[in-house]
Every structure is written in structure tokens, then in C-alpha cells.
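Heads up: the structure comes next, in C-alpha cells.
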Amino acid sequence: MNHEHYRDALSALRDGELKETERRDLAAHLDACGECRETLDRWSKISGALFRPASKITKDQSSRFARVVMARIRQEADEAPAWWRVWALDRWLVPALSAGVVAAALAIAFYPGGGADGPAWDEVLLLSQCRSLAKWCVPPGRANVDSLFAQTPEN
Amino acid sequence: MTQTTTDADLVRRVSAGEQDAYAALIERHHANVQGLCGSILGDPTSAEDAAQEVFLKAYKSLGNFQGDSSFGTWIYRIASNHCLDTVRSRSRRKTESLEALVEGDSAELASLFCGGRRDEAAQENADLAQRLLSRLPEDYRVTLILREVQGLSYEELAETMGCSLDAVKARLRRARSSLDAATRHFFEPGNV
Chain R
183 MNHEHYRDAL
193 SALRDGELKE
203 TERRDLAAHL
213 DACGECRETL
223 DRWSKISGAL
233 FRPASKITKD
243 QSSRFARVVM
253 ARIRQEADEA
263 PAWWRVWALD
273 RWLVPALSAG
283 VVAAALAIAF
293 YPGGGADGPA
303 WDEVLLLSQC
313 RSLAKWCVPP
323 GRANVDSLFA
333 QTPEN
Chain H
484 MTQTTTDADL
494 VRRVSAGEQD
504 AYAALIERHH
514 ANVQGLCGSI
524 LGDPTSAEDA
534 AQEVFLKAYK
544 SLGNFQGDSS
554 FGTWIYRIAS
564 NHCLDTVRSR
574 SRRKTESLEA
584 LVEGDSAELA
594 SLFCGGRRDE
604 AAQENADLAQ
614 RLLSRLPEDY
624 RVTLILREVQ
634 GLSYEELAET
644 MGCSLDAVKA
654 RLRRARSSLD
664 AATRHFFEPG
674 NV
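Order-wise, the sequence lines are chains R and H.
In this text, residue positions in the first sequence follow my numbering: the first is 183, and each later residue adds one.
In this text, residue positions in the second sequence follow my numbering: the first is 484, and each later residue adds one.
Right, dumping it as C-alpha cells:
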């Protein structure tokens, strides 16, 4: 072992993490090396000065602490509106919205409003919000979209 | 809940919706977590507040707990990250080096290392110790605190810090060597 290696081993000795053979080898070195003995001694003094044992916490204190934390958890859960909860968004809200959009699109596409000669004015008003959508929604055989928009009633 | 109920069992029960099982986890790990927070923050009052935040964060993140480490080391990781974030947010200004601190506070450090513990100076010594430790790189500081105050083994340290055993050994050795190099003159004959 070289001297630098002994320095590595000193740290592990202090932490009780040396194997038996390593500990015996280091002990023999320490018998002969005052510098390493002094280093180990200084580390102990530094540790004693810088680190204090954690304050003793009783079981009652931990029980009280747990009650405080659980109360905060419940309070945060109660404050969140039900309809924001992720489980709702995942489980039913998104599928419901998707189904609604599909139903609305189908209704627009197959709405039978209007007579043979022209569209229902409510259909025209709805479709007038989007001419390109109207071209898609109006079934084949009906008046073409341009003529539909031309028949919008006067206000 | 019996003493033989493991942390893993309690985590499973919380995940299944049994909220009160989390209270048992808190009681088991409260002392260690608050102790770690106190060591990093250097302030007992802040330690309890920080410990509350840590357990709240852990509750919200329980879905991410895979069980590949123990609950204890997992929550230690949350606690050390939370406390380091707190320390960083407190100190935005550039801090002096370890050597500059030792030079600037030489008399106080001599009292800390050689003067014995006087009750009236206890808080000053605690503050000074905290300032000295804060000059170490964060990973070195947290590893050293977890080892010296919490008594974690090298394996537990590696799990908590998310690093190898060799990295743990290197950090401890370098942290101790840095502190030793900066403060050894306080221990020379004539100063002690």
C-alpha cells in the first residue's frame, strides 16, 4: 500500500467500512505512521466540532407531525375542484367531449332540414361559419355550397 | 398496523387508496428526515417546515416510487434535493471560498475547534459550522452529513445519492481532506 492509499483507507476506517484484512493492515501502518494518526485524530475533532447529533424526536412528536401532514394532504385534496382531477379527465371527460364532437359533425352532415328547392336557413347560418367545412358537410346532390351561401336571408 | 408491516406494504396500501397508511410511513421516517433537513439547513425551525414539504412531495410522487431502493433512501433523496434547493434560493450572492472563510473568521474558528462548547456560543458555533460546511461542493457536503449525522452506510449513501460506492468513498475522503487542509493549523501545538 502506498501512503495515498492509506489516506483513502483512513476515511473508510473512520466509517467502519473496512474489511478485516484491510483494517489489520491499516492498524499496522498507523502504529508506524504518526502523520496518519494525527490526520485521523484531526478528522475526529473536526467532526465533533461541525456535526451535532440530530435532536431527539419522541414518538408523540412524530405522531403530531404525521397528523399535521395528513391534514395538509386532505386539505389540498378537498381544495382541488372535482372536474380538474386528472382521473376525471382521463376516465370520462375526454371521451365524452370526443363523442360530442363526432355527434355534432354527424348531425351537421345528415341534418335533413330544408325543402327540395333550398336549404334550411338555420343550416345555412350554421354552415356559413365555415365555408370550407360546408363544402365537406353538404351531402352530394344538394345545391352546391356557393348557391347555399347566396341564399342567406336579409337581416 | 403491526411492527412487521414493511415500508413496501405501506406504500402499496397508500397506492391502493388507504391514505392512513401514509401516516404510518411518516411516523417511521419523520425523525431521520427532519434530522437530515436540520443538518443541511442548519436551523431546527426550518427543519420541521422542510420535513413537512418533503413528506408532501413524497406523497404526490408515490406513483414514481419503483421499489428498487428502500423507501427510506428514496425519501432521503427527496429531502436532500429539497433542502439544497432551499439553501440555493437563500444564497444567490457569490459566496467566499473555504480558505477565505477560514482566514476571515480565524478567531471564531479557533474557538469552535479548540475552545470547547460553551453554551452561550452554541448558536454562533452552529452558524459558523454551517458556513464552513456550505463551502464544500454540495455532493460532498450532503454525503458527509448523511454519513456523520445520519450514520448511513456506504451502500445506503450510494442509493441515496444515486452514485457508485467508489464515488461515495471519494466524496467522503475529499470532503474530509478539504476541511482538514483548511483548518489543520487550528490543531497545531500551541493553538490547541
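All residues carry an ideal CB built from backbone N, CA and C; glycine is no exception.
8 Å Cβ cutoff met for residue i and residue j
{"i": "Val537(H)", "j": "His565(H)", "result": "yes"}
{"i": "Gly521(H)", "j": "Ala530(H)", "result": "yes"}
{"i": "Arg196(R)", "j": "Arg667(H)", "result": "no"}
{"i": "Ala236(R)", "j": "Gly546(H)", "result": "no"}
{"i": "Thr569(H)", "j": "Leu524(H)", "result": "yes"}
{"i": "Leu232(R)", "j": "Ala583(H)", "result": "no"}
Sequence-distant residues of the same chain with beta carbon closer than 6 Å to residue i, five excluded per side
{"i": "Leu616(H)", "result": "Arg624"}
{"i": "Glu501(H)", "result": "none"}
{"i": "Asp490(H)", "result": "Phe554"}
{"i": "Ala298(R)", "result": "Bear in mind that a pLDDT of 47 at Ala298(R), under 50, signals an unreliable position, so the model cannot answer this."}
{"i": "Leu581(H)", "result": "Arg618, Ala665"}
C-alpha gap between residue i and residue j, whole angstroms
{"i": "Asp622(H)", "j": "Arg254(R)", "result": "31 Å"}
{"i": "Ala191(R)", "j": "Cys215(R)", "result": "14 Å"}
{"i": "Glu671(H)", "j": "Glu579(H)", "result": "25 Å"}
{"i": "Asp532(H)", "j": "Asp610(H)", "result": "19 Å"}
{"i": "Arg189(R)", "j": "Glu220(R)", "result": "12 Å"}
{"i": "Leu619(H)", "j": "Ala281(R)", "result": "59 Å"}
{"i": "Leu279(R)", "j": "Ile290(R)", "result": "17 Å"}
{"i": "Leu662(H)", "j": "Thr487(H)", "result": "42 Å"}
{"i": "Arg656(H)", "j": "Arg571(H)", "result": "24 Å"}
{"i": "Glu199(R)", "j": "His185(R)", "result": "19 Å"}
{"i": "Ile561(H)", "j": "Ala665(H)", "result": "31 Å"}
{"i": "Val632(H)", "j": "Ser660(H)", "result": "18 Å"}
{"i": "Asp551(H)", "j": "Glu217(R)", "result": "42 Å"}
{"i": "Cys646(H)", "j": "Leu627(H)", "result": "14 Å"}
{"i": "Asp242(R)", "j": "Ser563(H)", "result": "25 Å"}
{"i": "Phe549(H)", "j": "Ala287(R)", "result": "In the sequence under discussion, the amino acid at residue 549(H) is Gln, which differs from the Phe named in the question. Whole-angstrom Cα-Cα distance: 44 Å."}
{"i": "Leu493(H)", "j": "Leu567(H)", "result": "28 Å"}
{"i": "Arg495(H)", "j": "Lys652(H)", "result": "34 Å"}
{"i": "Lys238(R)", "j": "Gly230(R)", "result": "18 Å"}
{"i": "Val497(H)", "j": "Ser544(H)", "result": "12 Å"}
{"i": "Ser589(H)", "j": "Glu607(H)", "result": "14 Å"}
{"i": "Leu222(R)", "j": "His211(R)", "result": "13 Å"}
{"i": "Ala658(H)", "j": "Leu629(H)", "result": "13 Å"}
{"i": "Ala499(H)", "j": "Ala534(H)", "result": "24 Å"}
{"i": "Glu261(R)", "j": "Phe247(R)", "result": "21 Å"}
Nonlocal neighbours in the same chain, by C-beta distance under 7 Å from residue i, ignoring five residues either side
{"i": "Phe669(H)", "result": "Leu592, Ala593, Phe596, Cys597"}
{"i": "Ser193(R)", "result": "none"}
{"i": "Pro527(H)", "result": "Gly521"}
{"i": "Leu208(R)", "result": "Tyr188, Ala191, Leu195, Leu200"}
{"i": "Ser244(R)", "result": "none"}
{"i": "Arg654(H)", "result": "Asp622, Tyr623, Thr626"}
Close-in-space but distant-in-sequence residues of the same chain around residue i (CB under 8 Å, 5 per side omitted)
{"i": "Gln558(H)", "result": "A quick correction: the sequence has Ile, not Gln, at residue 558(H). Within the same chain, Ile558(H) has close Cβ partners His512, Val516, Val537, Phe538, Ala541."}
{"i": "Thr648(H)", "result": "Looking at the sequence shown, residue 648(H) is not Thr but Leu. If we look at Leu648(H) and ignore the five residues flanking it on each side, its Cβ neighbours are Tyr637, Glu638, Ala641."}
Minimum Cβ-Cβ distance from residue i to chain C less than 8 Å
{"i": "Thr666(H)", "result": "Among the protein chains in the structure shown, which are R and H, there is no chain C."}
Count the C-beta pairs between the region 244-260 of chain R and the region 499-510 of chain H that are closer than 8 Å, then say yes if the count reaches three, no if not.
-> Touching, yes, given that three or more Cβ pairs across the two stretches are closer than 8 Å.
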